[in-house]
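Residue numbers (the working numbering), protein chains in the order written: chain A, 1 to 322; chain B, 323 to 644; chain C, 645 to 966; chain D, 967 to 1288.
There are 4 protein chains.
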Amino acid sequence: MARKFTRQDLRDAAEKYKNWGKWGANDEIGTLNYTTPEDIVAAARLVRQGKVISLALNFDQHGPQGAKTAYPALGRINPLHVMLRTGTDAYSGVLDHRGIRAADDMVVMPLQCGTQWDGLGHVFYENFMWNGYDCREVTSFGAQKCGIEKTKNKMVGRGVFLDVPRALGREALEDGYAIASADLEQACKAEGVTIKRGDYVIVRTGQMERCLAAKSWDGYPGGDAPGFSFETLEWIHRTEIAAIASDTWGCEVRPIETEAGINQPWHWITIPIMGITMGEIFYVADLARDCAHDKVYEFMFVAPAIPITGAVGSPTNPLAIK
Amino acid sequence: MARKFTRQDLRDAAEKYKNWGKWGANDEIGTLNYTTPEDIVAAARLVRQGKVISLALNFDQHGPQGAKTAYPALGRINPLHVMLRTGTDAYSGVLDHRGIRAADDMVVMPLQCGTQWDGLGHVFYENFMWNGYDCREVTSFGAQKCGIEKTKNKMVGRGVFLDVPRALGREALEDGYAIASADLEQACKAEGVTIKRGDYVIVRTGQMERCLAAKSWDGYPGGDAPGFSFETLEWIHRTEIAAIASDTWGCEVRPIETEAGINQPWHWITIPIMGITMGEIFYVADLARDCAHDKVYEFMFVAPAIPITGAVGSPTNPLAIK
Amino acid sequence: MARKFTRQDLRDAAEKYKNWGKWGANDEIGTLNYTTPEDIVAAARLVRQGKVISLALNFDQHGPQGAKTAYPALGRINPLHVMLRTGTDAYSGVLDHRGIRAADDMVVMPLQCGTQWDGLGHVFYENFMWNGYDCREVTSFGAQKCGIEKTKNKMVGRGVFLDVPRALGREALEDGYAIASADLEQACKAEGVTIKRGDYVIVRTGQMERCLAAKSWDGYPGGDAPGFSFETLEWIHRTEIAAIASDTWGCEVRPIETEAGINQPWHWITIPIMGITMGEIFYVADLARDCAHDKVYEFMFVAPAIPITGAVGSPTNPLAIK
Amino acid sequence: MARKFTRQDLRDAAEKYKNWGKWGANDEIGTLNYTTPEDIVAAARLVRQGKVISLALNFDQHGPQGAKTAYPALGRINPLHVMLRTGTDAYSGVLDHRGIRAADDMVVMPLQCGTQWDGLGHVFYENFMWNGYDCREVTSFGAQKCGIEKTKNKMVGRGVFLDVPRALGREALEDGYAIASADLEQACKAEGVTIKRGDYVIVRTGQMERCLAAKSWDGYPGGDAPGFSFETLEWIHRTEIAAIASDTWGCEVRPIETEAGINQPWHWITIPIMGITMGEIFYVADLARDCAHDKVYEFMFVAPAIPITGAVGSPTNPLAIK
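Now the structure itself:
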């Protein structure tokens, strides 16, 4: 990274990459619009082996939240799964008056605590959200615009997996490594894939696998990480992809490439300005192994959000279907 | 319904339909095993229009929980979506010291409060759960066996939609209507579909649409409802389907067809004895309309559970992809 | 009520009753300051029988939230009490590897769902909270000023119970009855008590007892109710009481005495302008009975808030000690 | 500690200290019965300065849960305080259509996450709870017997503060220090107090102050700690106190004084066998300072539980009133 980006750089990028109005003044889903019915039909044709690979971490107390990090958790805890009725109740006979022995349960879960989609209500640019909506549309009552429920029929298309470290001949990218557009192109070339409009692009850094191997998430949530360079905005804009995801906490490189006072500059542009939905904390180890083995880096991708009304994100169990 | 089923009928059914051991002593997913890779490839070939139809209700305070019903809610509330940071915080300038204006949120959600999968840890037969596991495997710490996370690479296959009331020439089935195997066969015939091993079968009763039209869920959660007759166990067993879902609160007919002291007898057999995963509170109005229009009642079905470790159920956003 | 109060009336009242700065620019507890150590000593002297009377409803699913009302619940549900470990786990033997058989539990609870204190961060007047603090001190991260934890050494003093309906010769006040200062004075006279600076005043309307007798909270949360007239601001200001509480959902009379666009005008003035902490949903039936019997309407009052940092309210179990 | 206690020692202690039936077969509050009305009147007479000292930690994310410890947290997290409406909403104008600008909030809180009472449903001895009730009375639906709500008119009496390290001439007791009856007696003597039947006894170890000074709770929740020796059961039984509390996570000394397979032996006896309510995580630094200064170690003690129906514990804001 040659120099720190400034507020003026952000303003310039906002001007350059702004997709507001592209799908009408009432659009609430942004680049998810890029995927056409034809793309979905074509994506389904990629299913040749009948193999399903989940890209989700399990949701439990072993998740990345609560790990040591300089970044404040701001209320993000690991999912708290609690039982409302149990098999031990059944065994104890206390359910029998009900005529059925059943267990039931509940979760208390920040929507961005694990494998997750960032919705378009998640990040604001100044006083605006995606498509120019006023940021005050996201109140304590939820997102009146761009709630994640607006995507309930989306998140289906061609998935392309870019294993960047593999393309660069490494196990994993080191923390602070800023993935450049050239790296993404190199991965495409190494894998023999071409990105098309409407694709769902999943990028591996290898950071999560390092954490899993170390049995420690320390530093993962909000700490230094490999990730997208601010410069990849150009690539994302040009390729017209539907969504982008990675195996890190926040997709973009950390430490941040900006001057003081600006945090996560890539987020400032991607979500509210470009309208791109973003996947984070994707578990890609199984997919990486599979793709390395069969050399097929494209697949049908289905990763529905749970349509929680007014939510600015959602846990998901993304499936790569090959 | 000619007569009330008795405990002996349940014992007989348990004996007759028991799939324990069929996929090995360590199996935790039951009939989901029926779907083969070939089935998944074939299912993908059903995607011809590139159309995605969500079968999920939105998850919010307008859901069915809390409605008037004689059945106790037992802790099932509608999802409580709360914000951890908002656009109004952004507007107020209180986030700016963080260098990014972002919203975040959380949900408190019973796992069976809306459109959902019943996992195999949900119901017990005497002291046993699916595959003969001891019911004490489901403690306050969750399901040590058959947790919903075990299905994370499943819930993909051919979906078949059986619009029973339409096949019977009605708008909707009345409450208390016990869907018989013959009804299911009649729907297959009317729609020109044949059920195959490993299918995901979604059955419409029309009850949910009645509630939505009436703008009231009163009676829906646990009240009288159309649904599967105890006798359909035979059909389910014979067809070797992967999973079955419906648009009602509990799939099976209510009032219950059993003598006093037995509630939900169909559940007693389906989940712990047969090992069949069950979908409930599926929103099928859009799918019904679409199938009636194009006469195509089969599709690719993808409905991943959120892999919450040890959960006995999961919200899902099921997708019918045509 | 002769006429609807207007915005100008609110502005006038704000000017007239404003206590900002009275206890210094940094004060965060308002009229709780009125109670002196001498008052506390004197209050303790009122303990003559060694009798403790709780003024709390139990916190459970039978609470007033969720009842039918025209007023939106805005996320207020009854407390959701869930177990983390149980006696049935113990009985089932699944805890024994831990060497101790213990149960544990959790609550999900809006802080103003039952018997509760409204903290001084609860209501704003225009852009201000108590003592002139900017309302933006109450963000999604909680109340940076006037959090309920600031009261942790307070809520002790002389309690005076004013049984208004009894003084007026009625069972209970009807919904919409606006308690006037004259009514409060009449209750004092009937009971032989004199209000002193620093007192905690608990006022009965009888509405809650009506709901309990009817076994229905319909209309209680936010519906029509007897309660304090706007005119009582004068009485509250003059008497210099520490806090005021009642047995209704919101203390003040409903329907509201103001022109369209202003809801709960008494709250606009009491909390942010006067700095008075307010108790709501107090269960006073037992106390009423006891006072009617022994004719003693004053007692030691201890009602500590749970010091949840940054909270704008708190459940409490208020004790009248006689 | 001379030797490890065995299961036989526990059986002997259970036999020796059992209070079952002492207050009738239907009693659900145990030793809280010891405090008489006369005791409460006398306690009130101890209020001489009008000073109120809270013994509660604030409830927030800085609490002891989640700290490093070998002991599993079992779902105990620090309180999660979330806002339902905010001052930033108010500032943003999004509440104005409601006619009132108000904030509101909610907490997700294990009931034993901070300063708390252990209720009598918290610990079982074999298949029994206090007074011989079957442990299956505590199901996923809560404690049908001995719920904390049964104490709603209790928790008032004479408080006695025993500053054990001070009496022993130390700053704090070291981890693993087993407080003996002789230590308690020595503290009484040093302070000039005599324990009476029905007292609430609060014992300082100094461990919490060490954690607060170190700004780290590591080791506190379930780790090594100073605390009551098994042998103090004799003292507790003899003195007939109402309740006992301390500034540690679990009152009793850790490491545990028992042979393998028995954890927290003192709890096995105190709660289910003796029926004594226990306070944990009490913040006593302010009280210690005050008592050291005025040499008065007795006071009126008021520490109401929040009466959550069926709860096996409760957060509390205990007040020492002098």
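For each residue, glycine too, the CB sits at the ideal point set by N, CA and C.
Cross-chain neighbours of residue i in chain B, by beta carbon under 8 Å
i                      : result
residue 745 of chain C : What residue 745 of chain C touches in chain B: nothing, since even the nearest Cβ is about 12 Å away.
For residue i, the nearest candidate out of the options (CA to CA)
i                       : options                          : result
residue 529 of chain B  : B:500, B:554 and B:522           : B:500
residue 629 of chain B  : A:48, A:51, A:62 and A:38        : A:62
residue 606 of chain B  : B:380, B:371 and B:367           : B:380
residue 570 of chain B  : B:563, B:561 and B:550           : B:550
residue 665 of chain C  : C:937, C:730, C:777 and C:890    : C:777
residue 403 of chain B  : A:50, A:97 and A:142             : A:142
residue 1136 of chain D : D:1142, D:992, D:1171 and D:1031 : D:1171
residue 494 of chain B  : B:416, B:534, B:406 and B:408    : B:534
residue 820 of chain C  : C:794, C:863, C:859 and C:793    : C:863
Spatial neighbours of residue i in its chain, beta-carbon cut-off 7 Å, leaving aside the 5 residues before and after
i                       : result
residue 1238 of chain D : 1089, 1090, 1091, 1094, 1095 and 1096
residue 235 of chain A  : 181 and 184
residue 1037 of chain D : 1187, 1188 and 1189
residue 369 of chain B  : 622, 643 and 644
residue 329 of chain B  : 584
residue 187 of chain A  : 162, 163, 164 and 167
residue 1203 of chain D : 983 and 1240
residue 1067 of chain D : 1056 and 1061
Whether residue i touches residue j by CB criterion (8 Å)
i                       : j                       : result
residue 317 of chain A  : residue 626 of chain B  : yes
residue 954 of chain C  : residue 924 of chain C  : no
residue 55 of chain A   : residue 115 of chain A  : yes
residue 1124 of chain D : residue 1004 of chain D : no
residue 328 of chain A  : residue 5 of chain A    : What the structure shows of chain A is the stretch from 1 to 322, and residue 328 of chain A is not part of that stretch, so it cannot be assessed.
residue 140 of chain A  : residue 735 of chain C  : no
residue 117 of chain A  : residue 277 of chain A  : yes
residue 975 of chain C  : residue 757 of chain C  : Here chain C comprises residues numbered 645 to 966, so residue 975 of chain C is not present and cannot be evaluated.
residue 564 of chain B  : residue 357 of chain B  : yes
residue 1054 of chain D : residue 780 of chain C  : yes
residue 313 of chain A  : residue 19 of chain A   : no
residue 10 of chain A   : residue 315 of chain A  : no
residue 523 of chain B  : residue 482 of chain B  : yes
residue 1169 of chain D : residue 1210 of chain D : yes
residue 120 of chain A  : residue 106 of chain A  : no
residue 386 of chain B  : residue 539 of chain B  : yes
Contact set for residue i: own chain, Cβ-Cβ below 8 Å, skip 5 residues either direction
i                       : result
residue 302 of chain A  : 155, 156, 318, 319 and 321
residue 1206 of chain D : 997, 1000, 1163 and 1164
residue 14 of chain A   : 125, 268, 269 and 273
Bridge partner(s) assigned by DSSP for residue i
i                       : result
residue 1212 of chain D : D:1169
residue 1083 of chain D : D:1245 and D:1280
residue 159 of chain A  : A:200 and A:299
residue 898 of chain C  : C:869
residue 630 of chain B  : A:59
residue 432 of chain B  : A:106
Residues near residue i by beta carbon distance below 6 Å, same chain, minus five either side
i                      : result
residue 647 of chain C : none
residue 696 of chain C : 963 and 965
residue 338 of chain B : none
Amino acids of chain D, ordered along the chain, whose beta-carbon sits closer than 8 Å to that of residue i
i                      : result
residue 797 of chain C : 1018, 1019, 1020 and 1285
7 Å Cβ cut-off: residues of chain A touching residue i
i                       : result
residue 1106 of chain D : 83, 84, 85, 86 and 89
Under 7 Å from the C-beta of residue i: neighbouring residues of chain C
i                       : result
residue 1229 of chain D : 742, 743 and 744
residue 445 of chain B  : Residues of chain C passing the Cβ test: none, with the nearest at roughly 17 Å.
Contacts that residue i makes with chain C (C-beta to C-beta distance below 8 Å)
i                      : result
residue 402 of chain B : 719, 721 and 752
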